[in-house]
Amino acid sequence: MSDNTKPIKNVVIRFAGDSGDGMQLMGDRFTATTAMVGNDLGTFPDYPAEIRAPAGSLAGVSAFQIQFSSQDIFTPGDRVDVLVVMNPAALKMHIQDLRPGGTLIANKSNFQKKNLKLAGYETDPLTDDSLNDFMVLDVEITELVTKALEDMKLPLKTVERTKNMFALGLTFWMYGRPMEPTIKWLNMKFKKRPELVEANVRALKAGNHFGDISEVFSSSYTVAPAPLAKGTYRNITGNYALGLGLLTASEKSGLPLFFGGYPITPASEILNQLSLYRNFGIRTFQAEDEIASIGASIGAAFAGSLAVTASSGPGIALKSEAMGLAVITELPLVIINIQRAGPSTGLPTKTEQADLFQALFGRNSESPIPVISAISPSDCYYTAYEACRVALKYMTPIIVLSDAYLASGSEPWLLPNLSDLEKIEVKFTESNGETFKPYLRDEMTLARPWAIPGTPGLEHRIGGLEKEDGSGNVSYDPENHQKMIELREAKVAGITREIDPTELYGEPIGDLLILGWGSTYGSIRTAVKRLQDEGKSVSHAHVRWVNPLPADLGEIVLKYQKILVPELNRGQFLKLIRAEYLVDAKGMNVVRGKPIRSYRIEEVANEMLESGR
Amino acid sequence: MSDNTKPIKNVVIRFAGDSGDGMQLMGDRFTATTAMVGNDLGTFPDYPAEIRAPAGSLAGVSAFQIQFSSQDIFTPGDRVDVLVVMNPAALKMHIQDLRPGGTLIANKSNFQKKNLKLAGYETDPLTDDSLNDFMVLDVEITELVTKALEDMKLPLKTVERTKNMFALGLTFWMYGRPMEPTIKWLNMKFKKRPELVEANVRALKAGNHFGDISEVFSSSYTVAPAPLAKGTYRNITGNYALGLGLLTASEKSGLPLFFGGYPITPASEILNQLSLYRNFGIRTFQAEDEIASIGASIGAAFAGSLAVTASSGPGIALKSEAMGLAVITELPLVIINIQRAGPSTGLPTKTEQADLFQALFGRNSESPIPVISAISPSDCYYTAYEACRVALKYMTPIIVLSDAYLASGSEPWLLPNLSDLEKIEVKFTESNGETFKPYLRDEMTLARPWAIPGTPGLEHRIGGLEKEDGSGNVSYDPENHQKMIELREAKVAGITREIDPTELYGEPIGDLLILGWGSTYGSIRTAVKRLQDEGKSVSHAHVRWVNPLPADLGEIVLKYQKILVPELNRGQFLKLIRAEYLVDAKGMNVVRGKPIRSYRIEEVANEMLESGR
Amino acid sequence: MSQERGQKLARQDFISNQDVRWCPGCGDYSILAQTQKSLPDLGIPRENFVFISGIGCSSRFPYYMNTYGFHTIHGRAPTLASGVKLARPDLSVWVVTGDGDSLSIGGNHFIHVLRRNIDLNIVLFNNRIYGLTKGQYSPTSELGKVTKSTPFGSLDTPFNPPAVALGAQATFVARSIDRYPSHLQKMLGRAHGHKGASFLEVYQNCLIFNDGAFRLLTEKETKGDHVLELENGKPMIFGKEKNKGIRLNGFKPEVVTLDGDYSTDDLLIHNETDKNIADVLTNFTYDSEFPTPIGVLFVAKMSTYEDRLDEQIKTAKEQLGEGNLEALIRGADTWEVE
Amino acid sequence: MSQERGQKLARQDFISNQDVRWCPGCGDYSILAQTQKSLPDLGIPRENFVFISGIGCSSRFPYYMNTYGFHTIHGRAPTLASGVKLARPDLSVWVVTGDGDSLSIGGNHFIHVLRRNIDLNIVLFNNRIYGLTKGQYSPTSELGKVTKSTPFGSLDTPFNPPAVALGAQATFVARSIDRYPSHLQKMLGRAHGHKGASFLEVYQNCLIFNDGAFRLLTEKETKGDHVLELENGKPMIFGKEKNKGIRLNGFKPEVVTLDGDYSTDDLLIHNETDKNIADVLTNFTYDSEFPTPIGVLFVAKMSTYEDRLDEQIKTAKEQLGEGNLEALIRGADTWEVE
Ligand SMILES: Cc1ncc(C[n+]2csc(CCOP(=O)(O)OP(=O)(O)O)c2C)c(N)n1
Ligand SMILES: Cc1ncc(C[n+]2csc(CCOP(=O)(O)OP(=O)(O)O)c2C)c(N)n1
Ligand code: SF4
Ligand code: SF4
Ligand SMILES: [Mg+2]
Ligand SMILES: [Mg+2]
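Protein chains in written order, with my numbering: chain A, 7 to 619; chain P, 7 to 619; chain C, 47 to 384; chain D, 47 to 384.
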């Protein structure tokens, strides 16, 4: 390793290559190592909708981005400092995100005619001066690994597959990262194939040495550990955290978890993950479709399970009729929507926050359901837990909103202390000898009793027809209908009492409030931090609960001259805020299938601050 | 007929009895006669969800209300002047709507112990003084018809079935209505069963004579013809008008009508009606479910039909995924929702306007669909026609909102002059030899071309994945996605150019604006008329288009001190108005499964006018 | 499962306090009565019964049963019932559904629940019409049926419910008729007794919208010649005078008269467990020249989904140990910040 | 229908300008190629072909065909195709679907479209896995299948697609294999030739998530003994050395060797129109001891839904006269206001 190293605060690297090039794996390894050296970090994979599009094609490009820092950070970053591309298609798809002056590392071996043509290049960009804005390092990676493994007599394909390790070794060198964890991991992964361990380790080291000996880099960099809170950390993605949150709620409530699912990107992983937990007694059920999966979940809830179903927008649409049934029967049910870009099938692997209105209003008639959103990958854990807790306490279906970005993005997570989590108390009703009234309510929460089949003396019938208050018998009485509609509404509105006071980042009075919900948290926080550093009077408020809204939000929004609501949709939360508080909030509405970029938020905020009113 | 008759402006009668008592038929006949004597009128049937609940039970009560007038009226009325009840259950269910001093006609023969008990009466209300507020006329109808038909030797059941004709004859007498039309109709209906004609005519006349000879009524009344516009009229219900509107659009556009349906109350009648029109070449298709019915309709639209699908709230929920497909493929499709009270199965035969948000937002992601609502039974005709016209002109799915009240309510309808209807021009694209671009747009409407299978040279593929602007090829490009989302939004927003300036009933500036949409039109208009008569500064604006909103609405709402938005939901339109125009409009939110009562609107309006600000 | 509390239950115990709201004379009344009569004999505590229905006249059924009940949404009863049974395999779960509910909108759930062989008892009230929506044709209505939505006659070939069920790998298929009370009770008992998904089709008369749909099977004069009551191990005899039978001619079934030419020995012997016989019997539809078979058409032994699931959980716990949440949350790669 | 414009079409005419995006080596490529090769022979102008699919790897198919196409939503292709065909019976409408698309979420539409006998050609790419969502088990995966969503093995008995189809009154049921190009072409032609709903199951290899699912049928060494190629009117012979056959023992099929004991004459003769033979053949699944039949399992003559609809419209016009809108709007009861 060169001893000419410079300290640096913050780096964004993106790896991009063919789906077959192992970019996700490379990203994972870089992330694991980065976490271990104590940086704060955020990651975001970006893969194509096709399983494995033809090699070298634009459609087949897969990418992984990581930001790491010696400071507290909130996103995988917007503008890329270092872009590693394994072929021309990857260059074509990603070069526009590399900041001027940024470093481009390209696998020159793959820039032959055929691949250039597949990517739509007429001339070789590595030689035609079109990349003058960047620091370009073109490396014959294929040749270099071939040489490194020459004596091993491995099949060509196997040799080719080690290219990502070479690139990884090179980036490790650039930031002074240790190779040992990766070597250890390779030994585990290929336990039964020592020749693959050997090949990959050699490639890794070759890349690392290449950094050292090549003249191109005048220096490597160090990114010091970030001042994170004390404790044990792991790196975690949003979907995985969500699964753990559900499992935790099951353990803490003592209720068996029933998960009714049907595969759909980007929610499938939750089904995949939970089905691994058979030894926890988890019952996952891959149903014939989304309707069956929510139907089975409602049935399981009726029977006394902690019932959960998950999907993405189009699948949630299919569940909407059954959600109404859960509303009127007032059963606890957690409905998770990992949002993706639409409309219709849309861009199934891309992110968006545009199912907010669907969550709030996507059912016939007045069907109030509480809606909670996760704000970061690790927050998915707490959001899932909180959703279970509230659903059980209030006897209500609840919707959890996450999205493709949170689902596969990752960040370091300070492991929770399970005993610190708020308790979940569940009591099934038992007979007191009197006629059972399934719609008598708890005075505070307005929850109805949970009386599960198998309990003697509580035999009763529920269903989708309007119920008489108290008895739960079918009722067509006009006044009763009005009353029940208001009761269901009041029950959900009462959940405000579960919501912590809104945290304000910045002064409680000021020129501009940037107000967000869900996954834009990191981008907004990054932007606001920078704006505040520049001395601007800007604050950030972020809600996790979209329904009900926090009780204090109405007062907060009135304290600022202007309000900006950035969202990955066309202004849905914005409309709520305007209707609720009659404030002339402005939207920033980005629907590019990608997380919102914090520098764009800065730009818009600055424009608003400058423009008179 | 007594010659002691008094003129009177306005009457509301309600007939109520067992489902088996023929109340709907009686209502129909009264309506037909009333129409022919030239009154303006409005009717509203109210029947139970059960097909035929046990005789005498509360659940089995069926009712029919009619308001008729020598003036222009807009609803079937709120407070009942004359209530005819055939049994105790009917009395129990409806007495609270009879105005103090109103007339109650009861079939005393049915007030025996058993029926009283079924209705939950401990003592006989006809004799226990509990009806002192009303003018009670108890008639032994069963005995009277038995006597009238004595010599015919008919089975008891047949005799019993003529009770409604007796009651009809009596009410005819009260308002000096002719019996001939009914006699003619009976002759037609029972062409092959002369003994039934005879029996019913006798019962009708017996009732009529009873009015004449009994001492109870000191006088009968006349309601003079209303000053309606010149022309030919018929009486029509909303659902039937809707069917005719669709058929008219098919004829005027020259496109074959394809209707994909699945039965559901209160939308089934549209399927039933259109399937009668085989000789018009109409293709109705009763699919296996709502998803299949919209799927088939989208297919038919792709193939060049005028495609329509209809359902009610729960069925619309099931269609929501496919609606997204219609949005992204930009095919013309008319989606009709005859709203009913919810949530879930709710009160399936009762009315509500609570699917507005479902119509606007009940899909994943940003899926803008124009929404038009019908404001009266006869307006359903024009609304259906307009929806077809706009869907075809803009190449877009469109949602038509009606509801259970409009569906089965009726009013006189001035027959349309077909040549006055706005033209529908449809042009299928043909090949010009160049590569066909299915997403090139018309500059004004932003509509894409309609290129139907079977056209040489236009072979192309569409689908649910995001499309490239112009070519329509699948595109994952972030900027293209943003652009397409904005284009789809702009296309729908552009439909404002099809909307007539908002008609204001009252002064354009004032203390209070009552703003409504859809089926509340009549109730609001009635209330506002009375308020204006009292000299109050109140105006009425009513929108048919909910998306987009009329371009002039923003200016209108600013001209009033206060705004009241009455709706049969918990404030959905209200929320839109508040978000859109930032005005502190107030809601009046009635969810009783019945039309809103105009006197309640008056009360709320007066409260608002009186309260300071 | 056995009766856990003292005294034996009676029919009365299964009658709920809700007024029954079917049309007077509807066939549903009999099915309700037979069910209420049968349940006490099953030896299961009342609180362990759950009746789950979709939407339709027939689907109002749970309201009238004094057990746990769920009147769900159109077509989806099998999904809710699956959830109940998978969560609580100890309960006796019944699905009550109509021909529209189960075979039109609910067709997919119907075939999937059969395929999975979840231990539910599915009772389909087949009146060959949509009752609750006032008389449109259903997927079991005969071709050319004139109804509210098909004034010129329907255009689709009907489903044959047992054929659909067998095509979907059903392990128990039976049929009965509303007007055959003791047969119906027997079949309800058989359905319950079968471990796995049981499918019982009950012909039911809707006297308002499709009166007499099964007249031939219920009227005194015709029923003898039109009903074939199956009994396992017995030859297939029917007829007013018990003088007709079913014989196989190669693959082809035919109706023969037991005169000189044919005797009982020539007749096909019913074997409930023979899939081929079941296939033959399903082709005897009400609209065909054959008598309509009632009784158990087919039954097969097969483990249930919920047992396989329980087994899998047990094995996982044995092999991996009871799940440890703390360890799982830690995962493999952690680091400390001091 | 016949070629309306001058020159005969060629395979090239059916290749669209879109890059094919399946995994290199996916069985879908062959099905695409065989389809593009078969269509020119059908004598239909290119603009009259419509390919409609759901969602899945297989459902990307229409993008690659230079015809009209519609890539719809998951499971719903049969519904859109029904709408197209009912609106325009002159078009040749094809449904392309996967095992998940058609038999999981789309199961209900699948059985209903078969029952109605709308003249569609349904080609089901059965790879016994969910490809596009990255490897969960499907309703055709074998019991105990280890996949992403069933790490301890799946718990459900699979559907047998031809059995489901026959249970739903299908009038044409056939099977082929991605790796049998000429057989596949022949079957595509037969499916097209059948007037009514045709169901063609094509075994397709997903080399990423379920590689070798049909290995026994496609590998040189094994395929002879494991594939039974059906030919109408011919005895059921198979085997590497063409020395095995299927014989019926009463109702029960058995595999026999054509040595001294049995000769060709003892074998079952395939008769496409015999429903009983079809029932027997559907029980020969890939997971059973029998060879897998490919070819046309069953075909029946039956009028189509759209023909019945057209007929009904024609009759209504004849009997009631062409509809008169003005008269209809007037109705029976009108009155004048002067
Ligand atoms: C999603 C949805 N679609 C349609 C309906 C309307 N609907 C209620 S019952 C029914 C059909 C009932 O027929 P069947 O299952 O045969 O029951 P039956 O009334 O004949 O007993 C329909 C279409 C509904 N309630 N929900
Ligand atoms: C409503 C909905 N649910 C789920 C999905 C996710 N999904 C896409 S394809 C697929 C399964 C595809 O399997 P199959 O039909 O066998 O096709 P293959 O990819 O194997 O060809 C699923 C579940 C979706 N797109 N839409
Ligand atoms: S409509 Fe028919 S099925 Fe429904 S309750 Fe009445 S008779 Fe029974
Ligand atoms: S995942 Fe499987 S089915 Fe899909 S394209 Fe790849 S090989 Fe084919
Ligand atoms: Mg039915
Ligand atoms: Mg598949």
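Glycine is no exception: its CB is placed at the ideal position from the N, C-alpha and C atoms.
Looking at I375/C, W381/C, Y332/C and E384/C, the one whose alpha-carbon comes closest to that of Y388/A is I375/C. Contact with chain D is absent for L253/A, since none of that chain's Cβ atoms lies less than 9 Å from the residue's Cβ. When 8 Å is used as the limit between beta carbons, L421/P is near these residues of chain D: I375, R376 and T380, in chain order.
For P354/A, the closest Cβ of chain P is nearer than 9 Å. Annotation: the segment 410-454 of chain P contains the following complete segments of the alpha helix (DSSP H) (minimum length 4 residues), in chain order: 410-414. Under the 10 Å beta carbon count, R199/P is surrounded by fewer than 16 other beta carbons and is classified as exposed. Contact annotation, S384/A with I242/A: C-beta distance approximately 6 Å; criterion of less than 8 Å satisfied. Residue state for T532/A is assigned as helix, using DSSP reduced to three classes.
Beta-bridge annotation (DSSP): K298/C is paired with N295/C. At least one heavy atom of ligand 3 lies less than 8 Å from the C-beta of L253/C. Within the segment 183-194 of chain C, the residues whose Cβ lies closer than 8 Å to some Cβ of chain P are Y183, P185 and K194, listed in chain order. The Cβ-Cβ distance between S318/P and R346/P falls below 9 Å. At a beta-carbon threshold of 7 Å, the residues of chain D lying near F198/C are Q358 and A362, ordered along the chain. In this structure, the alpha-carbon of G285/D lies about 18 Å from that of R225/D. One alpha carbon belongs to F308/P, the other to Q279/P, and they sit about 24 Å apart. In this structure L55/C is not in contact with E257/A, their Cβ atoms being roughly 38 Å apart against a cut-off of 8 Å. For G213/P, the secondary structure class from DSSP, reduced to helix, strand or coil, is helix.
The segment 550-568 of chain A and the segment 499-506 of chain A touch, with no fewer than 3 CB-CB distances between them shorter than 8 Å.
What I151/D touches in chain A, judged by beta-carbon distance under 8 Å, is Y268, E294, D295 and E296, going in chain order. In terms of Cβ geometry, T350/D and K194/D do not form a close pair [threshold 9 Å]. Interface criterion met: the Cβ of W68/C is under 9 Å from a Cβ in chain P. Relative to the non-hydrogen atoms of ligand 2, the Cβ of G100/D comes within a distance shorter than 8 Å of at least one. Residue contact with chain D for M450/P: absent (no Cβ-Cβ distance below 9 Å to any residue of chain D).
Take the alpha-carbon of N285/A and the one of I359/C: they are about 6 Å apart.
Excluding residues up to 5 positions away in sequence, S222 lie with their Cβ nearer than 6 Å to the Cβ of H229/D in the same chain. The residue from S543/P, P374/P and V203/P with its alpha-carbon nearest to that of M171/P is V203/P. When secondary structure is reduced to three states using DSSP, V396/A falls in the helix class. Scanning its chain for C-beta atoms nearer than 6 Å, with the 5 sequence neighbours on each side dropped, one finds around R603/A the residues D84, in chain order.
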